[in-house]
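Participant: Have a look at this one.
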Amino acid sequence: MSKSPIPTVKGQIFELGPRFNNVQYVGEGAYGIVVSAFDCQRNEKVALKKVSPFEHQTYSQRTYREIWILSRMDHENVVKIHDIITSNTFEEMKDIYIVECFMETDLCRLLKTQKLSNDHICYFLYQMLRGLKYIHSANVLHRDLKPCNILLNAACDLRICDFGLARIADPESEQSGTLTEYVATRWYRAPEIMLTSKLYTKAIDIWSIGCIMAEMLSNRVLFPGKHYIDQLNLILQVLGSPSKEDFETIVNLKARAYLESLPHRTKVPWKQLYPYASESALDLLDKLLCFVPSRRITVEDALAHPYLEQYYDPTDEPVFERPFVQQPDNFPKEKLKILIWEEIQRYRNNKTINDLVYINNTKVEHIDHQSDNLVSDGTITSGIIPVNQQQPQP
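Have a look at this one:
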């Protein structure tokens, strides 16, 4: 019997063995490529992220962070790692395959092809905040929330992905991190990242959620800045000039002086930008995009906002059992490779009984049958929110 050919996707060889077949390209990033495949062991379609990080310290650091965090998380609205595959020895380890739950599309692709109904906006926003509540409860800042990191499937289930820029915060400090590296894609970057220079909190993720909500309302990026000064100016054009009280919260004197030198701007009413959105939706948007991070709405209060009242259920918003403590990861790539290897071995050794039971059970493949009707070329039809969760029509 001849061996099956080793699949090649976009010039990348996927040495996966007989466990996976029907490998198809999904997307790629700076140091990895994502494919879909049928996992014969799990009897279901999965996503496979191949990363080859060990030539660069930054890529090694991001890979370590993602594996360390996601292998410990388990939430319906956070991408789930099913397995981590690599070479059998440390010396041979060059590529890593992270097996994750398969999601048909992401919010970025969806917004390029389709105008979302209020039902979908509300449901997606609730799931984003529900996932973020769990992430923040673990003392983790995502730091790169944007539409392409919001995955969706045919049933409108949503999962937050890509934790390569995530950071474990210090739970004893109001300030959760220092800007020692690139944080957040510019268009979704909170103003304090550009103004305070050194310190930021979990509120940066709330700002990003607000930018994503605005994009869902109009299919347009709210603040498409060309560089960080332009980004800040676009924010001020919409939110208006900071008040005297707001200025006092800016600790960076140079940043404060720059803002004070700008001509006064009046806030643009949200209704002018989003005339078809409800007052409740715009009130939540305003609270998500508050200029001062300490006055920005928290994830808990956002979930309890009237706009999301049809979904709000604090008894069904799980939090992390025990918050993470800060993990040092600013090491040379050689040390990071050792840490990644140790994490993979820890993950393999700690596979739960439920995982083993799941693998031995036969799953009915149903997503593919739904996909033809519900998701096609990144498009979601309007009738897939569960009936008991749909908003009443006006």
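Numbering (full-length UniProt numbering), first residue to last: 1 to 394. Every residue gets a Cβ at the ideal spot worked out from N, C-alpha and C, and that includes glycine. Since the model is a prediction, treat every value here as computed from it, not as a measurement.
Please tell me whether Ile33 and Gln12 are closer than 8 Å, where the distance is taken between their beta carbons.
Facilitator: For the purposes of this step, residue 33 is identified with residue 33 of the sequence shown, where counting begins at 1. For the purposes of this step, residue 12 is identified with residue 12 of the sequence shown, where counting begins at 1. Contact flag set, yes.
Participant: Where Phe331 and Tyr228 are concerned, what is the direct C-alpha to C-alpha distance, given to the nearest angstrom?
Facilitator: The residue labelled residue 331 in the question sits at position 331 within the sequence shown. The residue labelled residue 228 in the question sits at position 228 within the sequence shown. Their Cα atoms are separated by approximately 28 Å.
Participant: In whole angstroms, what separates the C-alpha of Ile344 from that of Ile84?
Facilitator: Position 344 of the sequence shown, counted from the start, is the residue given in the question as residue 344. Position 84 of the sequence shown, counted from the start, is the residue given in the question as residue 84. Distance between the alpha carbons of Ile344 and Ile84 is about 7 Å.
Participant: Helix, strand or coil for Phe223 per DSSP?
Facilitator: Here the question's residue 223 lines up with position 223 in the sequence shown. Coil, per DSSP.
Participant: Taking contact to mean 3 or more Cβ pairs, one atom from each stretch, closer than 8 Å, check whether the segment 298 to 305 and the segment 15 to 28 are in contact.
Facilitator: no
Participant: Starting from Phe38, follow the beta strand (DSSP E) in both directions and report where the run begins and ends.
Facilitator: The residue given as residue 38 occupies position 38 in the sequence shown. Gly32 to Asp39 is the span of the beta strand (DSSP E), which, as asked, contains Phe38.
Participant: Can you give me the C-alpha to C-alpha distance between Phe14 and Met194, rounded to a whole angstrom?
Facilitator: By one-based count along the sequence shown, residue 14 stands at place 14. By one-based count along the sequence shown, residue 194 stands at place 194. Roughly 40 Å between the two C-alpha positions.
Participant: Using a threshold of 8 Å, state whether the C-beta atoms of Asp95 and Lys50 are closer than that.
Facilitator: By 1-based counting over the sequence shown, the position of residue 95 is 95. By 1-based counting over the sequence shown, the position of residue 50 is 50. Yes, they are a contact pair.
Participant: Flag this pair as yes or no: are the beta carbons of Ser243 and His264 separated by less than 8 Å?
Facilitator: Numbered from 1 along the sequence shown, position 243 holds the residue referred to as residue 243. Numbered from 1 along the sequence shown, position 264 holds the residue referred to as residue 264. No.
Participant: Using only CA atoms, which one of Thr185, Ile338, Tyr276 and Lys337 lies nearest to His142?
Facilitator: Your numbering for residue 142 matches position 142 in the sequence shown. The candidate whose alpha carbon is nearest that of His142 is Thr185.
Participant: What does a CB cutoff of less than 7 Å around Tyr312 pick up in its chain, not counting 5 residues either side in sequence?
Facilitator: Residue mapping note: residue 312 aligns to position 312 of the sequence shown, counting from 1. Same-chain partners within the cutoff: Leu303 and Ala304.
Participant: Taking Cβ positions, are Met128 and Leu158 nearer each other than 8 Å?
Facilitator: One-based indexing of the sequence shown puts residue 128 at position 128. One-based indexing of the sequence shown puts residue 158 at position 158. Yes, the Cβ-Cβ distance between Met128 and Leu158 is below 8 Å.
Participant: Can you round the beta-carbon distance between Tyr126 and Leu308 to whole angstroms, since I take them to be within the 8 Å contact cut?
Facilitator: For this step, residue 126 is matched to residue 126 along the sequence shown. For this step, residue 308 is matched to residue 308 along the sequence shown. Between Leu308 and Tyr126 the Cβ distance is about 5 Å, and since that is below 8 Å, they are a contact.
Participant: Output the boundary residues of the alpha helix (DSSP H) element that contains Arg65.
Facilitator: The residue you call residue 65 lines up with position 65 of the sequence shown. Note, Arg65: alpha helix (DSSP H), Gln57 to Leu70.
Participant: For Lys112, report the span of its alpha helix (DSSP H) as first-last.
Facilitator: As a working note, residue 112 is residue 112 in the sequence shown. That run of the alpha helix (DSSP H) goes Leu107 to Thr113.
Participant: Note down, in chain order, each residue of its chain lying with its Cβ closer than 7 Å to the Cβ of Val26, except the 5 sequence neighbours on either side.
Facilitator: Here the question's residue 26 lines up with position 26 in the sequence shown. Result list for Val26: Val34, Val35, Ser36 and Ala47, in chain order.
Participant: What are the start and end residues of each continuous alpha helix (DSSP H) run of 4 or more residues lying completely inside the segment 232 to 299, in chain order?
Facilitator: 244 to 247, 253 to 261, 270 to 273 and 279 to 288
Participant: Let me check one thing: in DSSP terms, what residues is Trp24 bridge-paired to?
Facilitator: Taking the sequence shown and counting its residues from 1, one reaches residue 24 at position 24. The amino acid occupying residue 24 in the given sequence is Gln; Trp does not appear at that position. DSSP, once it has assigned bridges, lists Ser36 as partnering Gln24.
Participant: For the segment 53 to 69 and the segment 333 to 351, state whether three or more C-beta atom pairs, one from each stretch, are separated by less than 8 Å.
Facilitator: yes
Participant: Name the one or two DSSP bridge partners that Lys49 has.
Facilitator: Taking the sequence shown and counting its residues from 1, one reaches residue 49 at position 49. Assignment of beta-bridge partners to Lys49 by DSSP yields Val34 and Ile98.
Participant: Given that a residue counts as buried once 16 or more other Cβ atoms are within 10 Å of its Cβ, and exposed if not, what is Gln24?
Facilitator: For this step, residue 24 is matched to residue 24 along the sequence shown. Taking a 10 Å sphere around the C-beta of Gln24, we find fewer than 16 other C-beta atoms and assign the residue as exposed.
Participant: Quick check on DSSP: helix, strand or coil for Asp329?
Facilitator: Taking the sequence shown and counting its residues from 1, one reaches residue 329 at position 329. For Asp329, the three-state secondary structure derived from DSSP is coil.
Participant: What's the call for Ala257, buried or exposed, on a 16-neighbour Cβ count within 10 Å?
Facilitator: Stepping through the sequence shown from its first residue, residue 257 is reached at position 257. Classification for Ala257: exposed.
Participant: According to the neighbour-count rule (16 or more other Cβ atoms, all chains shown, within 10 Å of its Cβ), is Ser294 buried or exposed?
Facilitator: Numbered from its first residue, the sequence shown carries residue 294 at position 294. Classification for Ser294: exposed.
Participant: Can you tell me the Cα-Cα spacing of Lys10 and Lys146, whole angstroms?
Facilitator: In the sequence shown, counting from the first residue as 1, residue 10 sits at position 10. In the sequence shown, counting from the first residue as 1, residue 146 sits at position 146. Whole-angstrom Cα-Cα distance: 25 Å.
Participant: Just to check my reading of the structure: Lys271 and Leu284 have Cβ atoms closer than 8 Å, yes? What is that Cβ distance to the nearest angstrom?
Facilitator: Counting from one through the sequence shown, the residue named residue 271 turns up at place 271. Counting from one through the sequence shown, the residue named residue 284 turns up at place 284. That pair is no contact at about 14 Å.
Participant: For residue 398, does the count of other Cβ atoms within 10 angstroms reach 16, so buried, or fall short, so exposed?
Facilitator: Within the shown structure, residues of the chain are numbered from 1 to 394, placing residue 398 beyond reach of any answer.
Participant: Less than 8 Å between the C-beta atoms of Glu100 and Ile81, yes or no?
Facilitator: The sequence position of residue 100 within the sequence shown is 100, counting from 1. The sequence position of residue 81 within the sequence shown is 81, counting from 1. A contact, by the Cβ cut-off of 8 Å.
Participant: Closest to Val319 by CA distance: which of Thr196, Lys112, Asp74 and Ile121 is it?
Facilitator: Mapped onto the sequence shown, residue 319 falls at position 319. For the residues Thr196, Lys112, Asp74 and Ile121, the minimum Cα distance to Val319 belongs to Asp74.
Participant: Taking only the alpha-carbon atoms, compute the straight-line gap between Gln310 and Leu253 and give it to the nearest angstrom.
Facilitator: Your numbering for residue 310 matches position 310 in the sequence shown. Your numbering for residue 253 matches position 253 in the sequence shown. Spanning the two alpha carbons is a distance of roughly 44 Å.
Participant: Identify, in the order they occur along the chain, each residue of the same chain with its Cβ nearer than 8 Å to the Cβ of His136, setting aside the five sequence neighbours on each side.
Facilitator: By 1-based counting over the sequence shown, the position of residue 136 is 136. Closer than 8 Å at Cβ, skipping near neighbours: Lys202, Asp205 and Val299.
Participant: Report the residue from Asp119, Thr89 and Leu152 whose alpha carbon sits nearest the alpha carbon of Arg109.
Facilitator: Here residue 109 refers to the residue found at position 109 of the sequence shown. Of Asp119, Thr89 and Leu152, the residue nearest in Cα terms is Leu152.
Participant: Can you tell me whether DSSP reads Cys159 as helix, strand or coil?
Facilitator: Here residue 159 is taken as the residue at index 159 of the sequence shown, counted from 1. In the sequence on display, residue 159 carries Arg and not Cys. Reduced to three states, the DSSP call for Arg159 is strand.
Participant: Taking the continuous alpha helix (DSSP H) assigned at Ile206, which residues delimit it?
Facilitator: For the purposes of this step, residue 206 is taken as residue 206 along the sequence shown, with counting starting at 1. Start and end: Ala203 to Ser218.
Participant: How would you write the range of the beta strand (DSSP E) that Ile85 sits in, first residue to last?
Facilitator: Taking the first residue of the sequence shown as position 1, residue 85 is located at position 85. From DSSP, the beta strand (DSSP E) with Ile85 extends over Ile81 to Ile85.
Participant: With a threshold of 6 Å on Cβ separation, who are the neighbours of Lys287 within its own chain once the five nearest residues in sequence on each side are excluded?
Facilitator: For this step, residue 287 is matched to residue 287 along the sequence shown. Once the five neighbours on either side are set aside, the close Cβ partners of Lys287 are Ile297.
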